[in-house]
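Counting in this note's numbering, the sequence shown tops out at residue 202, every number present.
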Amino acid sequence: TREEMVRGVRMIAQPAHPPHADRHIDLGHVIRAHVKPGYIVSADLLTRFGPKSDFATDVCVRKEGDDPQTGRRHLEELAFEIVNEQSLRHITIRAEDIIGRGVRRLIVLFVKRGTVTEWSQAEHRFVELPLDGVLEDPTLVGPIPIRALLDAVAAQEAVAIAVWERDLPVIAERKQELRARACGQTREHFL
């Protein structure tokens with residue numbers, strides 16, 4: 012169903028308007044390009060965060076396969092929420108439940124404010140991350156520019172760099188073709 016449960020209150024998960032929906036797709040694209048082998052990226056993955064809380068984060072990263080202790084999927088390690096219309100109180104309650112369940116990190120994008128934050132359990136608040144900084148995490152192959160979480164152009168650039176650096180077979184072939192072409196052009200230039 013489209014119902015979620017947050018601390019015993021039933022909520023209908025509404026379809027998103029453009030600001031939220033646009034960030035959602037870009038965020039998933041950026042995170043998927045940066046995830047380490049052995050991890051998986053999910054969108055809107057329903058999770059039981061507490062006895063009265065059963066809802067989904069917008070994007071999350073978790074280990075592939077099943078947890079041998081539970082026989083079920085692994086819990087999210089890194090989770091992302093996108094806030095456009097929700098109240099600060101609403102996202103704070105969700106953050107408390109997400110981290111309380113054992114999710115290691117929660118990153119929240121406040122679209123209207125143009126900020127990226129991380130929930131601090133110690134400070135019991137969202138701590139703003141610098142837009143010129145990077146997001147580093149053990150689930151990621153490399154740092155992600157924070158700006159890429161909010162800006163479509165920066166997202167595309169971050170994905171392009173991540174894909175290029177992964178050296179997948181198709182990329183390795185393309186690099187080899189480019190080197191060969193460069194060497195050929197250099198030889199012709201000197202002949």
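Glycine included, C-beta positions come from ideal geometry on N, C-alpha and C.
Query, Result
"Between the Cα of V138 and the Cα atoms of G153, E147, D148 and L120, which residue gives the shortest distance?", "L120"
"Going along the chain, which residues of its own chain have a beta-carbon closer than 6 Å to the beta-carbon of R198, five neighbours each way excluded?", "Below a pLDDT of 50, predicted positions are generally treated as unreliable, and R198, at 49, falls in that range; the measurement from the model is reported next regardless. Answer for R198: no residue qualifies."
"Can you tell me whether G7 is buried or exposed, with buried defined as 16 or more other CB within 10 angstroms of its CB?", "Any answer about residue 7 is impossible in this case: the structure gives the chain only from 12 up to 202."
"For A90, which beta-bridge partners are listed by DSSP?", "C71 and L117"
"Sorted by chain position, which residues of the same chain lie with C-beta nearer than 7 Å to H45's C-beta, five sequence neighbours on each side aside?", "L151, V152, G153, I155 and A173"
"Could you have a look at F201 and say whether DSSP puts it in helix, strand or coil?", "The predicted position of F201 is uncertain, since its pLDDT is 45 and thus under 50; no value can be drawn from it."
"Taking the CB atoms as reference points, tell me whether R34 and F66 lie closer together than 8 Å.", "no"
"Is there a Cβ from chain C that is less than 8 Å from the Cβ of I36?", "Absence of chain C from the displayed structure is noted, only one protein chain being present."
"Could you tell me the distance, in whole angstroms, from the CA atom of V20 to the CA atom of H101?", "11 Å"
"Just to confirm, is the Cβ distance from R73 to E92 under 8 Å?", "no"
"Does E134 come out as helix, strand or coil in the three-state DSSP assignment?", "coil"
"Identify which residue in R84, G49 and V41 has its Cα closest to the Cα of L57.", "R84"
"Between which two residues does the beta strand (DSSP E) carrying A54 extend?", "Y50 to G61"
"What does DSSP give as the partner residue(s) for V145 in the beta ladder?", "P156"
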